[in-house]
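Trainee: So the protein lines, in turn, are chains P and L. If you read the first sequence in full-length UniProt numbering, its first letter stands for residue 1, the second for the next number, and so on. If you read the second sequence in full-length UniProt numbering, its first letter stands for residue 1, the second for the next number, and so on. Before I ask anything, let me first share the structure, which is written out below as structure tokens.
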Amino acid sequence: MPGLAPADSAGGGPDSVNGALVPYLPDSHVSAIYPLRHGLNPPISRVSVSWGRGNSLRVSVFRQPDSDGGEVGGKVVELTLGKSRDGEISDTQWRKIAYGSVSPFALLQSRKNSAASLSRMQLSPSPYHLEWWEYVMEYSKDISALLGDPKSVGAPLIEDPNEVFIKKSEEPSSLKAAWELMEMFYVDKLSQAWLPERLVDWLADYDSLISVDLPTVHSKLVEFQSKIVTLQVIEDDPRYWDLISSALAVGWLEIVTENGLVEAVAVLISKMPRMRPAIDAGKHGECFKAKPDFVKAWERWRAQITKLDSSAFWVQCDNRQTREGLKNVLQIMLGNVDVLCSATCHWMELYISHFLYIRPFTAGLESMYSLAQNCIRLKHTSNPHKLMRLMIGILGENNEVVLSECSRGFGTWMVAHAIELLTAGSNEADFLVHEERENLGGISLEELHRLVYAQLLSSHLLTWQIAPIYLTSCMRQGMGMLEILLLKQPVQENQVLLKNLEICRLYELDGVSSRLMEISGMYHWKHGRKGCAVFWLQQAQDEVRLSKIASQLFESVGKSISGESFKQWEGLIELLGSEGQPAGGLDFLHKYRDFKKCLQHADSKKDADAARQAVESLMSLMRNASTPQRFWLPILYDAVKLLSWDKRPLINVSQTNLLLNKLQELSLARLRPDFVEPELPTHALNHVRYSLATNLGRAILEES
Amino acid sequence: MEKSLATLDNGTTCSAWNYSGQRLATGSVDGTLSIFDSCDPASTSFKCTSKARVGESGVVKVVWIPPLFGDAVACIDGNGSSSLWEELAEDAQAVEWKHCKSFQSNSAKVLDVQFGVFRTILKMVVAYSGGQVKVYELSNPLELKNWQLQAEFQNLTDSVAKLAKASCFSASVSWNPQRGDGQEMSFVLGFNSDTPQLNSSKVWEFDLDHQRWVPVAELALPEDRKDQVFSVAWAPNIGRPYEVIAVATHKGIAIWHLGSNPDTDGRLSVERVALLSGYEAEVWQMEWDMSGMTLATTGTDGMVRLWQSNLNGIWHEQAAFEPAT
């Protein structure tokens, strides 16, 4: 969407431009106007809108009707709102991420639930609490793996002159970069001690991303690389030394040492003490896990540099460029602020160089933040990259800004998933995202972001099926939205219907499931597939519609027993009569059909056997509790022929009494307001009464 | 970022998507109803698959009937009468759009028609140019032919009062898009008329005990009650403890919260939480998204606008789209 209001408005107003901390300013919102290209010639007479799946908005644009009729009268266009618009991630890739993140997300939720129930049972902080961040870490790694591999800047390939400095590989995504930042600051407790070194690695991986609008060390390297083939002696070019300094300043030691630097300096660089547990093969530096060891090594290393800086070597070096370039390199290693500042381009690079050469320890986020502010002041940018805005939010410990930047810069997927990282890091963040807010209709920020993400998933045919996972993780409004989502699926397609019913079964949405089957049943009914219709209506236990259908069938069985059209119904009645199916009061039709057949046979052939069979069917129908009352009179009216059988009475005294009782019951039922009179001749009731009375008389005489 | 879905014939004046967004119905000045379908569910290109002549004069509005009653639409024509049409395949014949019911009017024109479902019951509210409101109920859920007039009233808070004939230019009805069967049926209705008392939007609820429609809330501040209402829209509620309804007048778009517990007089509490102004145009149409969090509107300035509330409950314009060739 052109942003999601709740998050989009939660900061990032004009004040954020110079990198200053954004106060939480919800009303500093300026709405954007986007063109809506429809391709019609004016004049436009009207515009109308309709929401399609999820976030898709359909807009109909109508032209003023033309008298000559030559022109197109209107266009309907669809806008899918909330999709990231920078085109960094293709639709297919996005769907891959969406599908891939389902199972880590679901696993984490289920762990969270079982942890919560465990802690409820124990009534005290449970042991899980100590390891919770590790579960989140596992989740984070799973998600991170989906976001692609970062590009490595180091490891130069000498063979290809075009790749001396920068190895070409897959473009890193800012989504991954943002995810790693969140992971590093909020989840990975183990790396807290060497956070500066993690940032060095992070910048090495993603420096190319922040060089979109502004020069960076990366962009300078790329630029120089294109010119390198034309240079005779590379050391004579001042740009070479400039680059070496820059690469060194941001810690890309491999580039520096493998591009022709004199041995003594190269060795010093490659021996640089690093406050980190390990380093990738091929990368330079000596790792130290413990701070005292590191400090000792660091001091020794610095002493060696100082010694080299003041050695006689420089007097002997007669190449001015080399001499000055190398001197500069040493100044960088000695942490000369001015040299570092001129060797770096972006504030983030300057920031990293501080960690490498001036202050290689963390002293809490607060000091990291003020250092960042200082760097921003020195390397001011007017339009900060979204990664930098996120970075500032994290360093400034402003969770609201972090959430808002996640949403604004990286979309609804990011914020819905990154909340797990944020809350692993602090109780304050946990409270922020779980607090139920009246302004949001009683839901928390976490639920809001999941709902918004689920709505985006609902926008596409290929992703709506994973929306329920997120919706069911929402305590308050998720099920409501899931119901709406399911009721908007085109259930006349069998596949979709079955999928929907499966989802309903999984989440115990019986009401929705019935409604879907009813809709499907009605669709088939109206489209001439009566059997299919009855099947779904039976599944839905839609008594109202089934009884209406029963009436229709009853009439057609009555009217058309001999006709061709009866054949159409025959199969349907078979279906309704089959055992084990809840027929919704329609199974009596099966018996009624038999009754009518015998009756017809008896009537046309004057066949007493057929007549006796008809009586049996009649009695079975009238004894059967499932024969709806409203059909009793029409059945009895049909039976008049049997009652007045001229040779001898076919219905005995007790049978006649049963029928009379039914008639009596019917007379009482007619007094009720909801009784529906069958469509029969007005004299039908009297006729039946008279016939029954006459038959009773005849039967008594016969039996006595 | 926009994707073309369909091209409409010259003379098309209105359109409506069905519940699943898989079918489009359009009406035209020559009285034609056209139905557009996509060739397969994954496709986003919609082609006209059937046409039916539904009236002598032009169609001004098409409204889909809820899917529980088949694939059917109500068409309002320029003469002010309305008719129901449905897709049927009878006796092994091909699928066809067939006429099933006409609602002729003698003097008053039909201004708006909307359908509401309660369990298996389908109700239809019709607002007329004379200021009358009629509520019909479908007799047989299998057919759209027989309708019973259930109630007839005017859009007044005092249900005993009767006004002389009014002259209304437009009306807007929106049903409570409730999901469960727990709530009673209700809808909101506002008029754009020369009779001030009729105009303000009122929420009507069906009183099951007394089998009658009663006004349970009025969505206008005392000083705004005479304002002509251009459009109303009741938001889907996925779990809020209150309802949200948008009402558009010349003063702007008001967002109302409607409480769920009636007071002793049976009235529901109302609160206007926002008035979205700075929007000179007259609103044509308002549509809520599936979550009831975003309101899309169109109006005489030709713009499509999206409105949302932020985390602090403050409503604002989130984005606008300006049609361009």
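All residues carry an ideal CB built from backbone N, CA and C; glycine is no exception.
1) Is any heavy atom of the ligand SAH found at a distance shorter than 7 Å from the C-beta of P/C341?
2) Count Cβ pairs between the segment 47 to 65 of chain P and the segment 687 to 699 of chain P that sit closer than 8 Å; are there 3 or more?
3) For P/G364, count the other beta carbons within 10 Å of its own beta carbon; 16 or more makes it buried, fewer makes it exposed. Which is it?
4) In chain order, what residues of the same chain have a beta carbon less than 8 Å from the beta carbon of P/L478, not counting five sequence neighbours either side?
5) What would DSSP say about P/W51, mapped onto helix, strand or coil?
6) Could you check what DSSP says for P/S144 in three-state terms: helix, strand or coil?
7) Measuring CA to CA, which of P/A249, P/E436 and P/A264 is closest to P/E349?
8) For L/G78 versus L/A108, is the C-beta distance shorter than 8 Å?
9) Give the residues of chain P in contact with L/M290, contact being defined as C-beta atoms less than 8 Å apart.
10) When the cut-off is 8 Å and only beta carbons count, does P/A418 lie next to chain C?
11) Against L/V6, what residues of chain P qualify as contacts under a CB-to-CB distance less than 8 Å, listed in chain order?
12) Cβ closer than 9 Å: which chain L residues qualify as neighbours of P/D433?
13) In chain L, which residues lie less than 7 Å from P/S60 when you measure between Cβ atoms?
14) Taking Cβ-Cβ distances below 7 Å as the criterion, which residues of the segment 87 to 110 of chain L are in contact with chain P?
15) Expressed to the nearest angstrom, what Euclidean distance is found between the alpha-carbon atoms of L/P67 and L/C48?
16) Using a Cβ-Cβ distance under 8 Å, would P/W94 count as near chain L?
17) For the alpha helix (DSSP H) that contains P/Y369, what are its first and last residues?
18) Look at the Cβ atom of L/R240, then the Cβ atom of P/G442, and state whether they are nearer than 8 Å.
19) Give the C-beta separation of L/W17 and L/L24 to the nearest angstrom, bearing in mind that I take them to be a contact with Cβ-Cβ under 8 Å.
20) Along chain L, in chain order, which residues have C-beta atoms closer than 7 Å to that of P/I33?
21) For the segment 669 to 702 of chain P, list every residue whose C-beta sits within 9 Å of some C-beta in chain L, in sequence order.
22) My parser needs the beta strand (DSSP E) runs of 3 or more residues fully inside the segment 255 to 323 of chain L; what are they?
23) Thinking just about the alpha-carbon of each residue, which of L/V203, L/T12 and L/A319 is nearest to the one in L/D158?
24) I need the straight-line Cα distance from L/P215 to L/E205, nearest angstrom please.
25) Alpha helix (DSSP H) containing P/D309: first to last residue?
26) Between which residues of its own chain and P/E594 is the CB-CB distance below 6 Å, once the five residues before and five after are set aside?
27) Could you tell me the distance, in whole angstroms, from the CA atom of P/H662 to the CA atom of P/S644?
28) Between residue 737 of chain P and L/S82, what straight-line distance do the alpha-carbon atoms span, to the nearest angstrom?
29) Tell me whether P/N162 sits in a helix, a strand or coil according to DSSP, three-state version.
30) Express the C-alpha separation of L/T297 and L/E287 in angstroms, rounding to a whole number.
31) Is there at least one Cβ from chain L nearer than 8 Å to P/S48's Cβ?
32) Given P/P125, which residues of its chain have a CB within under 6 Å of its CB, disregarding the five upstream and five downstream residues?
33) Given this structure, state the Cα-to-Cα distance separating P/S310 from P/N328, to the nearest angstrom.
34) Are the C-beta of P/P649 and some C-beta of chain L separated by less than 8 Å?
35) How many Å lie between residue 790 of chain P and P/L146 at the Cα?
36) Among the candidates P/L636, P/K548 and P/K605, whose CA atom is the shortest distance from the CA of P/S620?
Mentor: Once the coordinates are examined:
1) Ligands displayed in this structure: none; no statement on the ligand SAH is therefore possible.
2) Contact between the segment 47 to 65 of chain P and the segment 687 to 699 of chain P is not established, with fewer than three Cβ pairs separated by less than 8 Å.
3) By the neighbour-count rule (16 or more Cβ atoms within 10 Å), P/G364 is not buried but exposed.
4) A small fix is needed here, since residue 478 of chain P is Gly in this sequence, not Leu. Non-local C-beta neighbours of P/G478 in its own chain, meaning closer than 8 Å and more than five positions away in sequence, comprise E447, R450, L451, A454, Y470, L471 and T472, ordered along the chain.
5) Reduced to three states, the DSSP call for P/W51 is strand.
6) The three-state reading of DSSP puts P/S144 in helix, counting H, G and I together.
7) Minimum Cα distance to P/E349 is reached at P/A249.
8) In terms of Cβ geometry, L/G78 and L/A108 do not form a close pair [threshold 8 Å].
9) W51, G54, Q455, S458, M481, I484, L485 and K488, listed in chain order.
10) Of the chains in the structure shown, none is chain C; the protein chains are P and L.
11) Contrary to the premise, residue 6 of chain L reads as Ala rather than Val in this sequence. Those within 8 Å of L/A6 in chain P are K75 and V76.
12) The sequence given here has Val at residue 433 of chain P, not Asp. Those do not exist, as P/V433 stays about 11 Å from chain L at its closest Cβ, beyond 9 Å.
13) Residues of chain L with a Cβ closer than 7 Å to the Cβ of P/S60 are, in chain order, S15.
14) Under the 7 Å Cβ criterion, the segment 87 to 110 of chain L contributes E87, L88, A89, E90, A92 and V95.
15) As the crow flies, the alpha-carbon of L/P67 is around 20 Å from that of L/C48.
16) P/W94 does not count as touching chain L.
17) Element bounds for P/Y369: G364 to L378.
18) Contact: yes.
19) Confirmed, about 6 Å.
20) Correct list: A320 and E322.
21) Listed in sequence order: no entries.
22) Taken in chain order, the complete beta strand (DSSP E) segments of 3 or more residues contained in the segment 255 to 323 of chain L are 270 to 276, 283 to 288, 294 to 299 and 304 to 309.
23) Answer by Cα proximity: L/V203.
24) Rounded to the nearest angstrom, the two C-alpha atoms are 6 Å apart.
25) Unbroken alpha helix (DSSP H) run through P/D309: K291 to D309.
26) Reading the sequence as shown, one finds Asp at residue 594 of chain P and not Glu. For P/D594, where only same-chain residues beyond five positions count, the Cβ hits under 6 Å are S617.
27) It is worth fixing the name first, because residue 662 of chain P is Lys in this sequence and not His. Between the alpha carbons of P/K662 and P/S644 lies a distance of about 19 Å.
28) The structure shown does not extend to residue 737 of chain P, since chain P is modelled only from 1 through 704, so no value can be given for it.
29) At P/N162, the pLDDT of 48 sits below 50, so the modelled position is not reliable; the number obtained from the coordinates is stated separately. Looking at P/N162 - three-state DSSP - the assignment turns out to be helix.
30) Between L/E287 and L/T297, the alpha-carbon positions lie close to 6 Å from each other.
31) Chain L contact via Cβ: present.
32) Confidence at P/P125 is low in this model, with a pLDDT of 48, below 50, so the placement of that residue is unreliable and no value is reported for it.
33) If you take the alpha carbons of P/S310 and P/N328, they lie about 13 Å apart.
34) No, P/P649 lies away from the interface with chain L (no Cβ there is under 8 Å from its Cβ).
35) Absent from the model: residue 790 of chain P. The displayed extent of chain P is 1 to 704, so no value can be given.
36) Measuring from the Cα of P/S620, the nearest candidate turns out to be P/L636.
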